[in-house]
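Enquirer:
Numbering (the UniProt record's numbering), first residue to last: 1 to 270.
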């Protein structure tokens with residue numbers, strides 16, 4: 001064979017190997033399976049809290065009830081906006097939940113506005129004037145490196161089940177766990193050809209959608225006209241387990257609510 005031809009073939013083969021390897025490496029990185037939020041295995045890992053004691057950061061999947069699933073339907077695809085009308089439809093379809101929320105705040109949120117119609121209007125105001133419902137229950141996409149809110153355990157399970165989101169890898173310095181109660185972790189979302197990562201998210205494992213709606217609405221009512229953040233102690237009715245959470249409000253609306261394994265700050269009014 002002509003030496004020039006041989007050199008051309010050899011160099012072409014080398015170029016192909018380099019390109020193929022690079023493409024395969026990129027595809028492997030982008031196509032890696034998302035790390036689960038939940039599984040049925042016990043696999044302790046090192047986290048920031050508790051220190052020097054490995055814990056399982058992937059509890060068993062939560063069991064969702066009818067209202068949990070209705071909330072997820074209302075949220076829609078990750079990144080969707082939820083309207084006031086959608087929320088009001090949700091609550092009208094679940095009058096027993098609306099009644100429990102109303103009872104938890106003494107029958108009214110503002111003055112003597114105690115009819116069901118007035119109460120639902122006021123409830124919608126406090127949950128939607130600062131997008132609190134969407135933020136807490138559904139999660140919001142904010143650019144390429146921030147996920148707003150996302151603090152409902154059912155939403156994590158749905159996103160895992162749809163293979164849309166998983167735990168952010170190599171994030172132990174930000175992870176905190178109170179086994180069976182609080183899971184603070186990073187989240188990696190894949191939407192089409194986009195990847196959005198946020199290293200600090202979390203959810204209370206024990207609190208379903210109805211309980212969260214009740215707790216946060218009651219916290220709002222009890223804080224009166226106070227603004228800013230405070231620490232709330234949340235007690236699970238079924239297990240008797242309590243966990244600390246951060247509640248934030250403006251003067252007239254709910255801003256956020258999330259569990260915190262290492263809380264600092266003033267306590268909420270009880």
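Ideal placement from N, C-alpha and C gives every residue a C-beta, glycine not left out. Quantities reported herein were computed from a predicted structural model and do not represent experimental measurements.
Confirm, please, whether the CB-CB distance from residue 217 to residue 97 is below 8 Å.
Expert: For residue 97 and residue 217, no; Cβs fall outside 8 Å.
Enquirer: Counting only runs of 3+ residues fully inside the region 191-233, write out the beta strand (DSSP E) ranges in chain order.
Expert: If we require 3 residues or more, the beta strand (DSSP E) runs fully inside the region 191-233 come out as 194-204.
Enquirer: Do the region 45-54 and the region 188-195 touch if we need at least three Cβ pairs shorter than 8 Å?
Expert: Contact fails: fewer than three Cβ-Cβ distances are below 8 Å.
Enquirer: Classify residue 185 as helix, strand or coil using the three-state DSSP reduction.
Expert: Reduced to three states, the DSSP call for residue 185 is strand.
Enquirer: For residue 99, report the span of its alpha helix (DSSP H) as first-last.
Expert: Its alpha helix (DSSP H) spans residues 95-104.
Enquirer: Using 8 Å for Cβ pairs, my map puts residue 176 next to residue 184. What's the rounded Cβ distance?
Expert: Their Cβ separation, rounded to whole angstroms, is 4 Å, which keeps residue 176 and residue 184 in contact under 8 Å.
Enquirer: Determine which residues share a DSSP beta bridge with residue 235 and list them.
Expert: Paired residue(s): 242.
Enquirer: Whole angstroms are fine: how far does the CA of residue 202 sit from the CA of residue 82?
Expert: Each residue's alpha carbon lies about 21 Å from the other.
Enquirer: Going along the chain, which residues of its own chain have a beta-carbon closer than 7 Å to the beta-carbon of residue 156, five neighbours each way excluded?
Expert: Excluding residues within five positions, the ones whose Cβ falls inside 7 Å are 37 and 203.
Enquirer: Find the nearest neighbour of residue 258 within the set 252, 266, 248 and 264, judged by alpha-carbon distance.
Expert: Nearest C-alpha to residue 258: 248.
Enquirer: Among the candidates 211, 225 and 167, whose CA atom is the shortest distance from the CA of residue 238?
Expert: Cα-wise, what sits closest to residue 238 is 211.
Enquirer: How long is the line joining the alpha carbons of residue 256 and residue 138, rounded to whole angstroms?
Expert: Answer to the nearest angstrom: the Cα atoms are 12 Å apart.
Enquirer: Quick test of the definition: if touching needs 3 or more C-beta pairs under 8 Å, does the region 82-94 touch the region 157-166?
Expert: Flag = no, the region 82-94 and the region 157-166 do not touch.
Enquirer: Looking only at its own chain, which residues have a Cβ that is under 8 Å from the Cβ of residue 22, when we skip the five neighbours before and after it?
Expert: Because residue 22 carries a pLDDT of 36, less than 50, the predicted location of this residue cannot be relied on, and the following value inherits that uncertainty. None.
Enquirer: Considering Cα atoms alone, identify which of 59, 228, 250 and 136 is closest to residue 160.
Expert: For the residues 59, 228, 250 and 136, the minimum Cα distance to residue 160 belongs to 59.
Enquirer: Considering residue 165, what are the terminal residues of the beta strand (DSSP E) in which it resides?
Expert: 165-167 is the extent of the beta strand (DSSP E) around residue 165.
Enquirer: Within 8 Å of any Cβ in chain C, is that where the Cβ of residue 109 sits?
Expert: Among the chains of the structure shown, chain C does not appear; only one protein chain is present.
Enquirer: Please name the residue or residues paired with residue 158 in a DSSP beta bridge.
Expert: According to DSSP, residue 158 bridges with nothing at all.
Enquirer: Kindly list the residues whose CB is nearer than 7 Å to the CB of residue 119, restricted to its own chain and excluding five residues on each side of it in sequence; keep chain order.
Expert: Hits under 7 Å: 102, 108, 109 and 113.
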